[in-house]
Every structure is written in structure tokens, then in C-alpha cells.
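Down below is the structure, laid out as C-alpha cells.
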Amino acid sequence: MKTTETKEKKTTAKTDAKKGTIRAKSDAASGLKELFIDSLKDIYWAEKALTKAIPKMAKNASDKKLIESLNNHLTETEEHVIRLEKVFDLIGKKATAKKCDAMAGLIEEGKSIMEETELGVVRDAGIIAASQKIEHYEIATYGTLRQFAATLGFSEAATLLEETLEEEKGADIKLTEIAVEAINIEAAEAE
């Protein structure tokens, strides 16, 4: 009988693999609250990593408006870290970070863009592109987290996450304005 059960399990695992189903880790989230907390840990790591990455982008930018925008967003990002710590506190959890592979990749891509461009408007255009990819990831994440918090009844946490979401949207709009008003045009003319 044991042999039959083992064969059935192996067959099911193979069938799942054929369907493209991914087997969950043993500590995988089984409920929305666990997924919410796991996602909070992810973005907490991401925001902390950005407090180190943004100054490097600002140092490698040449346009004054871009540098100012990056420095202003650094201040906001530092506030995002504090706000996330408040969210953790509101839901009764210790603020802990879990490496965010997506943000690590986006930060690395930004670094590569800087390495592959000369200092000046072309690099500035690349920094804006990399920064907007980061902003779009954050907008998606905070929108999802805000909704999870609301669904779970964490209304104060949802309000804090909404505040951050709006700041991320504002940063994206500012980057677009800088790109469209000058940087992209100057970068095109540099060719």
C-alpha cells in the first residue's frame, strides 16, 4: 500500500511540473495576512537599499533639476522607511527586511546604465529611465499593500501606505517632467 501512495505522490508531482505549477516552500504564506507581512518585509528592504542607491544616482547626474529631484526623493524615501516601521508596529510585527530580488535587480540595472554612459545628458536620461522603473515597481507594490491592508482591516496602515503611494506617483511625475522638458531633448541632440 505504501508503494502505491508513493507512486501516486510522484505522479502528482510530475503532473504538476508538466503543468508548470511551482511547489511552495515549506514556510510559504498560506493566508493574505502572511502575504501582506512578507510583502512589507520586501519593500522595507527595498526602501532601505534605495537610501544607499539614490545618493549614487544623484552624484552621477549632471542636471541640477534631476539632482534636486533625486535628493528630494531621498528625503521622502527615508520617511518611507520610518512609515513602514509604523505599519509594522500597527499590525503588531517587528520591522524586518527580506531581500527584494526585484529591487536589487532594478538597482543593479541603474548602476549598469551609469557605467555604460558618459557623464552628461545621456547618463541623466538613463538615470531617469532607471529611476522610473524603480518608481513603477514601488507604485505597484504600495498600491497592492494598501489594498491588502484595507482588506485585512488595517485602516491606519492602509492610510500610511496610501501616503507613500502618492509620494511615489509624484516622484514619477516629476521625473517625467524633467525628462520631457529638457533631458531627453538634449540627449537626442547630443548624438
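Position in the sequence shown (from 1) plus 565 gives the number in the numbering used here. Note that CB positions come from ideal geometry on N, CA and C, so glycine has one too.
(message) Taking 6 Å as the limit between beta carbons, can you name the residues of its chain near K698, skipping five residues before and five after?
(response) Within the sequence shown, numbered from 1, the residue matching residue 698 stands at position 133. Excluding sequence neighbours, K698 sits near L671.
(request) Using the Cα positions of L655 and T706, report the straight-line distance between them to the nearest angstrom. (result) For the purposes of this step, residue 655 is identified with residue 90 of the sequence shown, where counting begins at 1. For the purposes of this step, residue 706 is identified with residue 141 of the sequence shown, where counting begins at 1. If you take the alpha carbons of L655 and T706, they lie about 19 Å apart.
(message) Measuring alpha carbon to alpha carbon, tell me which residue in A667, I692, L635 is nearest I678.
(response) Your numbering for residue 678 matches position 113 in the sequence shown. Ranking the options by Cα distance to I678, first place goes to I692.
(request) In angstroms with no decimal places, state the Cα-to-Cα distance between E673 and D603. (result) Within the sequence shown, the letter at position 108 stands for residue 673. Within the sequence shown, the letter at position 38 stands for residue 603. Spanning the two alpha carbons is a distance of roughly 22 Å.
(request) For K630, name the three-state secondary structure that DSSP assigns. (result) Numbered from 1 along the sequence shown, position 65 holds the residue referred to as residue 630. Note: K630 maps to helix in three-state DSSP.
(message) Just to confirm the assignment: which complete alpha helix (DSSP H) runs, minimum length 4, are found wholly within the stretch 671–720?
(response) 686–716
(request) Out of L730, K621, A714, E731, state which residue places its alpha-carbon closest to the alpha-carbon of A723. (result) For the purposes of this step, residue 723 is taken as residue 158 along the sequence shown, with counting starting at 1. Answer by Cα proximity: A714.
(message) Looking at K606: is its Cβ nearer than 7 Å to the Cβ of T642?
(response) Indexing the sequence shown from 1 puts residue 606 at position 41. Indexing the sequence shown from 1 puts residue 642 at position 77. Pairing K606 with T642 gives a Cβ-Cβ distance that is not under 7 Å.
(message) Comparing C-alpha positions only, which one of E756, G585, G675, V745 sits nearest to A614?
(response) By one-based count along the sequence shown, residue 614 stands at place 49. Nearest C-alpha to A614: G675.
(request) Just confirm the distance between the C-beta atoms of A747 and V687, as a whole number of angstroms; I'd bet it's less than 8 Å. (result) As a first step, residue 747 is located in the sequence shown; it is residue number 182 there, counting from the start. As a first step, residue 687 is located in the sequence shown; it is residue number 122 there, counting from the start. About 13 Å separates the two Cβ atoms, so there is no contact after all.
(message) So, with DSSP's three-state summary, where would you put I587?
(response) Translated into positions along the sequence shown, residue 587 becomes position 22. For I587, the secondary structure class from DSSP, reduced to helix, strand or coil, is coil.
(message) Could you check whether L710 and L684 sit closer than 7 Å to each other, using their CB atoms as the reference points?
(response) On the sequence shown, position 119 is the one that residue 684 refers to. On the sequence shown, position 145 is the one that residue 710 refers to. For L684 and L710, no; Cβs fall outside 7 Å.
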